[in-house]
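Colleague: Note that the protein sequences, when read in sequence, are chains C and Y. According to the working numbering, the residues represented by the first sequence are 5 to 303, in order. According to the working numbering, the residues represented by the second sequence are 5 to 303, in order.
There are 2 protein chains.
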Amino acid sequence: MTREEFLEFLKEKKALVDQKLEELLPERDEPGARVISAMRYSLMAGGKRLRPVLCMLGAEAVGRRGEDFLLFACGLECLHTYSLIHDDLPAMDDDDLRRGKPTCHRAFDEATAILAGDGLLTLAFELFSSPELLEVTSPERLLQAVHLVAQAAGASGMVAGQMADLLAEGREISPEELSYIHRKKTAALLSASVVSGGLLAGAPANDLRALETYGEALGLAFQIVDDILDVVGEEEKLGKPVGADIRKKKATYPALLGLSEARNKAKELIETAVSALQVFGPKAEPLKALARFVLSRQN
Amino acid sequence: MTREEFLEFLKEKKALVDQKLEELLPERDEPGARVISAMRYSLMAGGKRLRPVLCMLGAEAVGRRGEDFLLFACGLECLHTYSLIHDDLPAMDDDDLRRGKPTCHRAFDEATAILAGDGLLTLAFELFSSPELLEVTSPERLLQAVHLVAQAAGASGMVAGQMADLLAEGREISPEELSYIHRKKTAALLSASVVSGGLLAGAPANDLRALETYGEALGLAFQIVDDILDVVGEEEKLGKPVGADIRKKKATYPALLGLSEARNKAKELIETAVSALQVFGPKAEPLKALARFVLSRQN
Numbered sequence: 005m006t007r008e009e010f011l012e013f014l015k016e017k018k019a020l021v022d023q024k025l026e027e028l029l030p031e032r033d034e035p036g037a038r039v040i041s042a043m044r045y046s047l048m049a050g051g052k053r054l055r056p057v058l059c060m061l062g063a064e065a066v067g068r069r070g071e072d073f074l075l076f077a078c079g080l081e082c083l084h085t086y087s088l089i090h091d092d093l094p095a096m097d098d099d100d101l102r103r104g105k106p107t108c109h110r111a112f113d114e115a116t117a118i119l120a121g122d123g124l125l126t127l128a129f130e131l132f133s134s135p136e137l138l139e140v141t142s143p144e145r146l147l148q149a150v151h152l153v154a155q156a157a158g159a160s161g162m163v164a165g166q167m168a169d170l171l172a173e174g175r176e177i178s179p180e181e182l183s184y185i186h187r188k189k190t191a192a193l194l195s196a197s198v199v200s201g202g203l204l205a206g207a208p209a210n211d212l213r214a215l216e217t218y219g220e221a222l223g224l225a226f227q228i229v230d231d232i233l234d235v236v237g238e239e240e241k242l243g244k245p246v247g248a249d250i251r252k253k254k255a256t257y258p259a260l261l262g263l264s265e266a267r268n269k270a271k272e273l274i275e276t277a278v279s280a281l282q283v284f285g286p287k288a289e290p291l292k293a294l295a296r297f298v299l300s301r302q303n
Numbered sequence: 005m006t007r008e009e010f011l012e013f014l015k016e017k018k019a020l021v022d023q024k025l026e027e028l029l030p031e032r033d034e035p036g037a038r039v040i041s042a043m044r045y046s047l048m049a050g051g052k053r054l055r056p057v058l059c060m061l062g063a064e065a066v067g068r069r070g071e072d073f074l075l076f077a078c079g080l081e082c083l084h085t086y087s088l089i090h091d092d093l094p095a096m097d098d099d100d101l102r103r104g105k106p107t108c109h110r111a112f113d114e115a116t117a118i119l120a121g122d123g124l125l126t127l128a129f130e131l132f133s134s135p136e137l138l139e140v141t142s143p144e145r146l147l148q149a150v151h152l153v154a155q156a157a158g159a160s161g162m163v164a165g166q167m168a169d170l171l172a173e174g175r176e177i178s179p180e181e182l183s184y185i186h187r188k189k190t191a192a193l194l195s196a197s198v199v200s201g202g203l204l205a206g207a208p209a210n211d212l213r214a215l216e217t218y219g220e221a222l223g224l225a226f227q228i229v230d231d232i233l234d235v236v237g238e239e240e241k242l243g244k245p246v247g248a249d250i251r252k253k254k255a256t257y258p259a260l261l262g263l264s265e266a267r268n269k270a271k272e273l274i275e276t277a278v279s280a281l282q283v284f285g286p287k288a289e290p291l292k293a294l295a296r297f298v299l300s301r302q303n
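1. With DSSP run on the structure shown, which of helix, strand or coil describes residue 29 of chain C?
2. Quick one: is residue 100 of chain Y buried, meaning 16 or more other Cβ sit within 10 Å of its Cβ, or exposed?
3. Determine the direct distance from the alpha carbon of residue 220 of chain C to that of residue 195 of chain C, and round the result to whole angstroms.
4. Give me the Cα-Cα distance between residue 25 of chain Y and residue 39 of chain Y, rounded to the nearest whole angstrom.
5. Cα separation between residue 215 of chain Y and residue 205 of chain Y?
6. Going by beta carbon distance, what residues of the same chain come within less than 8 Å of residue 81 of chain Y, once the five residues before and after it are set aside?
7. Taking C-alpha atoms, which residue in C:67, C:207 and C:58 lies nearest to residue 74 of chain C?
8. Starting from residue 284 of chain C and walking both ways along the alpha helix (DSSP H), at which residues does that stretch end?
9. Along the chain, where does the alpha helix (DSSP H) containing residue 40 of chain Y start, and where does it finish?
10. With a threshold of 7 Å between beta carbons, is residue 48 of chain C in contact with chain Y?
11. Does the Cβ of residue 283 of chain C have 16 or more other Cβ atoms within 10 Å, making it buried, or fewer, making it exposed?
12. Determine the extent of the alpha helix (DSSP H) in which residue 121 of chain Y is found, giving its start and end residues.
13. Look up residue 106 of chain Y in the DSSP assignment and give the residues it is bridged to.
14. Enumerate in chain order the residues of its own chain whose CB-to-CB distance from residue 260 of chain C is below 7 Å, with the five nearest sequence positions on each side excluded.
15. Any heavy atom of the ligand PLP inside 6 Å of the beta-carbon of residue 116 of chain Y?
16. State the DSSP-derived secondary structure class of residue 93 of chain C, mapped to helix, strand or coil.
17. Between the region 165-173 of chain Y and the region 167-175 of chain C, do at least 3 Cβ pairs fall closer than 8 Å?
18. Which residues in chain C have a C-beta closer than 7 Å to the C-beta of residue 200 of chain Y? List them in chain order.
19. Are the CB atoms of residue 281 of chain C and residue 218 of chain C nearer to each other than 7 Å?
20. Is it the case that the Cβ atoms of residue 291 of chain C and residue 61 of chain C are separated by a distance below 7 Å?
21. Taking Cβ-Cβ distances below 8 Å as the criterion, which residues of the region 220-237 of chain Y are in contact with chain C?
22. Assign residue 162 of chain C to one of three DSSP states: helix, strand, or coil.
23. Assign residue 167 of chain C to one of three DSSP states: helix, strand, or coil.
24. Would you verify that the beta carbon of residue 129 of chain Y is, or is not, closer than 7 Å to some beta carbon of chain C?
25. Go through its chain and collect everything with a Cβ distance to residue 107 of chain C's Cβ below 7 Å, but skip five positions before and after it.
26. Give the residues from the region 166-184 of chain C that approach chain Y closer than 7 Å (Cβ to any Cβ), ordered along the chain.
27. Measuring only between beta-carbons, confirm whether residue 22 of chain Y sits less than 7 Å from chain C.
28. Since residue 187 of chain C is in the alpha helix (DSSP H), which residue starts that stretch and which ends it?
29. Indicate whether at least one CB of chain C lies closer than 7 Å to the CB of residue 197 of chain Y.
30. Note down the Cα distance separating residue 149 of chain Y from residue 200 of chain Y, rounded to an integer number of angstroms.
31. Residues of chain C with CB under 8 Å from residue 38 of chain Y, in chain order?
32. Note down, in chain order, every chain C residue with its Cβ under 7 Å from the Cβ of residue 133 of chain Y.
33. When you compare each of C:45, C:134, C:35 and C:227 to residue 103 of chain C by their alpha carbons, which one comes out closest?
34. The alpha helix (DSSP H) that contains residue 232 of chain Y, what's its start and end?
35. Which stretch, first to last residue, makes up the alpha helix (DSSP H) that contains residue 202 of chain Y?
36. Taking Cβ to Cβ, would you say residue 273 of chain C is nearer than 7 Å to residue 225 of chain C?
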């Protein structure tokens with residue numbers, strides 16, 4: 005699969021997700037509807053839809069149609085968007101721009117943004133437990149996938165990573181602490197996304213382990229590339245100011261290892277990710293292409 | 005069941021919940037552990053454990069042992085505690101005291117409190133999807149219960165209620181709008197708590213409808229009593245300042261109907277709740293006692 009073929013493929017998958025999300029969250033006319041507008045605002049603000057795509061591709065690697073699990077995949081995007089909204093809040097990273105648009109609390113207000121995040125986090129689990137999914141997977145598998153994602157998102161995963169990230173601001177931290185932050189904050193949900201796809205598709209344990217290895221390596225590489233882009237990226241493509249991490253004295257791989265060593269580290273991780281997919285043969289081509297895409301991305 | 009018998013009964017159930025919550029959330033020693041401390045702080049700050057008790061009693065009404073569903077019940081308390089932490093935030097109700105202790109953002113800080121809420125909301129769904137629960141219920145029933153609770157908690161339930169409550173501050177609202185706020189903000193989760201217990205216990209559809217009628221009436225009565233206590237309660241017993249709703253120009257039933265009419269409304273609702281339980285016979289005695297307790301509570 006060439007980069008161009010993959011980009012075309014990604015575009016199609018992204019369109020599926022965008023359309024479904026649009027359907028799932030219509031505007032309402034009732035006293036509390038403002039929170040729905042805020043949820044929609046952030047959810048439909050673009051984004052690569054990487055987590056839903058990973059979920060669908062995880063299912064495809066084991067021979068199922070990814071689209072069958074679209075509802076679950078959309079839940080993963082809700083989960084991701086909630087974390088962005090809350091991370092951007094004044095009490096957290098205090099960001100004004102996200103994907104080139106005002107952040108949720110800037111476009112609405114702080115209370116609405118907190119509630120929009122809460123609403124999206126809850127909507128994720130509403131989608132994960134949709135009765136429709138029992139037409140394409142077993143209830144046992146579905147419960148396992150819900151449990152896996154909840155662990156990756158909670159105080160053993162994303163929430164712990166964001167806490168540690170905030171506590172690390174403005175002071176020197178060890179490579180171990182930085183790795184903890186990135187594993188928890190980014191890699192855990194990326195990995196759970198691809199593994200949940202395999203789980204729902206009925207993959208055996210050794211396939212799930214291969215997807216997990218892929219997902220964790222991909223997740224760490226993704227974060228390192230993110231850190232690198234914050235140093236050398238182009239503001240316009242990123243949709244947010246370059247150098248924000250440095251100004252906030254955030255711990256990053258380039259700061260810790262230097263730019264060139266950070267690039268090597270990301271490359272190594274992508275190789276690890278791709279190697280883990282050997283067991284799947286050609287069905288994992290899109291996952292491999294996605295890994296190479298993550299390494300070369302510019303936003 | 006006399007009031008004294010019920011209080012003793014409640015104390016035993018509460019002790020089960022307290023002990024299990026304590027076990028489920030041990031302190032940790034890792035970079036992100038601060039959020040665990042904050043989650044524990046709010047979760048273990050007391051509280052009546054009404055939602056977990058309702059879940060267990062819902063199961064008992066249809067002839068099962070409530071304690072079997074303790075893990076699920078504890079998830080409901082996590083969900084409730086998350087909503088208190090976020091509602092207390094400066095951007096929301098800006099409260100300094102909760103259950104007689106500093107609110108989470110006062111005891112820790114705002115970022116930690118936001119994350120503690122997020123962590124508890126996610127932990128709730130981690131508990132709901134615990135593999136251990138499949139020893140006591142079917143995976144289909146468990147998924148239905150997860151879905152029901154997610155709907156009650158999200159942007160069609162609690163989150164919408166809190167949004168509408170914030171938007172109603174400082175202006176006159178209609179009885180319809182006040183009823184919307186209370187149904188969404190309080191009654192939805194109380195009702196889902198008792199219904200989820202019945203669901204997990206394998207209750208047939210008509211039993212579930214009876215539990216739902218009970219739960220909704222109880223939930224509205226609970227909120228009306230809450231509003232009344234804010235006017236006439238004793239600060240010491242409540243653990244928070246009396247009159248806060250009036251100072252914040254919050255919409256309440258006593259403000260809308262007058263104190264005496266509000267009391268009558270609560271009483272009527274409790275009668276509706278108790279009547280709905282006829283189908284269960286003596287197994288629903290504790291649920292009836294709980295309804296009468298809600299009407300007479302002083303904190």
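Every residue gets a Cβ at the ideal spot worked out from N, C-alpha and C, and that includes glycine.
Modeller: Let's see:
1. Against the first sequence, residue 29 of chain C aligns to sequence position 25. Coil at residue 29 of chain C, not helix or strand.
2. As a first step, residue 100 of chain Y is located in the second sequence; it is residue number 96 there, counting from the start. Residue 100 of chain Y comes out exposed.
3. The count along the first sequence starts at 1 and reaches residue 195 of chain C at position 191. The count along the first sequence starts at 1 and reaches residue 220 of chain C at position 216. Rounded to the nearest angstrom, the two C-alpha atoms are 5 Å apart.
4. Taking the first residue of the second sequence as 1, we reach residue 25 of chain Y at position 21. Taking the first residue of the second sequence as 1, we reach residue 39 of chain Y at position 35. The straight-line gap from Cα to Cα measures roughly 16 Å.
5. Counted from its first residue, the second sequence places residue 215 of chain Y at position 211. Counted from its first residue, the second sequence places residue 205 of chain Y at position 201. For residue 215 of chain Y and residue 205 of chain Y, the distance between alpha carbons rounds to 12 Å.
6. Here residue 81 of chain Y refers to the residue found at position 77 when the second sequence is read from its first residue. Closer than 8 Å at the Cβ level, and outside the excluded window around residue 81 of chain Y, lie 21, 25, 47, 51, 53, 55 and 56.
7. Working through the first sequence from its first residue, we reach residue 74 of chain C at position 70. The shortest Cα separation from residue 74 of chain C among C:67, C:207 and C:58 belongs to C:58.
8. Counting from one through the first sequence, the residue named residue 284 of chain C turns up at place 280. Looking at the DSSP string, residue 284 of chain C is not in any alpha helix (DSSP H), and its letter there is neither H nor E.
9. What you label residue 40 of chain Y is simply residue 36 of the second sequence in a count that begins at 1. It spans 38-47 - the alpha helix (DSSP H) in which residue 40 of chain Y sits, taken as one unbroken run.
10. For the purposes of this step, residue 48 of chain C is taken as residue 44 along the first sequence, with counting starting at 1. It does not; no Cβ of chain Y falls within 7 Å.
11. Counted from its first residue, the first sequence places residue 283 of chain C at position 279. Classification of residue 283 of chain C: exposed, given that the 10 Å Cβ count is below 16.
12. Taking the first residue of the second sequence as 1, we reach residue 121 of chain Y at position 117. 114-132 is the extent of the alpha helix (DSSP H) around residue 121 of chain Y.
13. Residue mapping note: residue 106 of chain Y aligns to position 102 of the second sequence, counting from 1. Residue 106 of chain Y pairs with Y:101.
14. Here residue 260 of chain C corresponds to residue number 256 of the first sequence, with the count starting at 1. 179 and 182.
15. Ligands are entirely absent from the displayed structure, and the ligand PLP is therefore not among its contents.
16. In the first sequence, residue 93 of chain C corresponds to position 89, counting from 1. Three-state DSSP puts residue 93 of chain C in coil, outside helix and strand.
17. no
18. The count along the second sequence starts at 1 and reaches residue 200 of chain Y at position 196. What residue 200 of chain Y touches in chain C: nothing, since even the nearest Cβ is about 12 Å away.
19. As a position in the first sequence, residue 281 of chain C is number 277, starting the count at 1. As a position in the first sequence, residue 218 of chain C is number 214, starting the count at 1. Contact flag set, yes.
20. For the purposes of this step, residue 291 of chain C is taken as the residue at position 287 of the first sequence. For the purposes of this step, residue 61 of chain C is taken as the residue at position 57 of the first sequence. A contact, by the Cβ cut-off of 7 Å.
21. none
22. On the first sequence, position 158 is the one that residue 162 of chain C refers to. If DSSP states are grouped into helix, strand and coil, residue 162 of chain C belongs with the helices.
23. Sequence index remark: in the first sequence, residue 167 of chain C carries index 163 (1-based). Helix.
24. The count along the second sequence starts at 1 and reaches residue 129 of chain Y at position 125. Chain C contact via Cβ: present.
25. Stepping through the first sequence from its first residue, residue 107 of chain C is reached at position 103. Excluding positions up to five away in sequence, the list reads 92, 99, 100 and 101.
26. 166, 167, 168, 170, 171, 181 and 184
27. Position 18 of the second sequence, counting from 1, holds the residue named residue 22 of chain Y. Cβ-Cβ to chain C under 7 Å: no for residue 22 of chain Y.
28. Reading the first sequence from its first residue, position 183 is the one you call residue 187 of chain C. Residue 187 of chain C -> no alpha helix (DSSP H), and no H or E assigned at all.
29. As a first step, residue 197 of chain Y must be located in the second sequence, where it is residue number 193. So, not an interface residue.
30. Translated into positions along the second sequence, residue 149 of chain Y becomes position 145. Translated into positions along the second sequence, residue 200 of chain Y becomes position 196. Approximately 5 Å between the Cα atoms of the pair.
31. As a first step, residue 38 of chain Y must be located in the second sequence, where it is residue number 34. Residues of chain C passing the Cβ test: 167 and 171.
32. Walking along the second sequence from the start, residue 133 of chain Y turns up at place 129. 147, 150, 151 and 154, listed in chain order.
33. Here residue 103 of chain C is taken as the residue at index 99 of the first sequence, counted from 1. Of the candidates C:45, C:134, C:35 and C:227, the one whose C-alpha sits nearest the C-alpha of residue 103 of chain C is C:45.
34. For the purposes of this step, residue 232 of chain Y is taken as the residue at position 228 of the second sequence. 209-236 is the span of the alpha helix (DSSP H), which, as asked, contains residue 232 of chain Y.
35. Indexing the second sequence from 1 puts residue 202 of chain Y at position 198. From DSSP, the alpha helix (DSSP H) with residue 202 of chain Y extends over 192-204.
36. Residue 273 of chain C sits at position 269 when you count from the first residue of the first sequence. Residue 225 of chain C sits at position 221 when you count from the first residue of the first sequence. Their beta carbons are under 7 Å apart, which means residue 273 of chain C touches residue 225 of chain C by this criterion.
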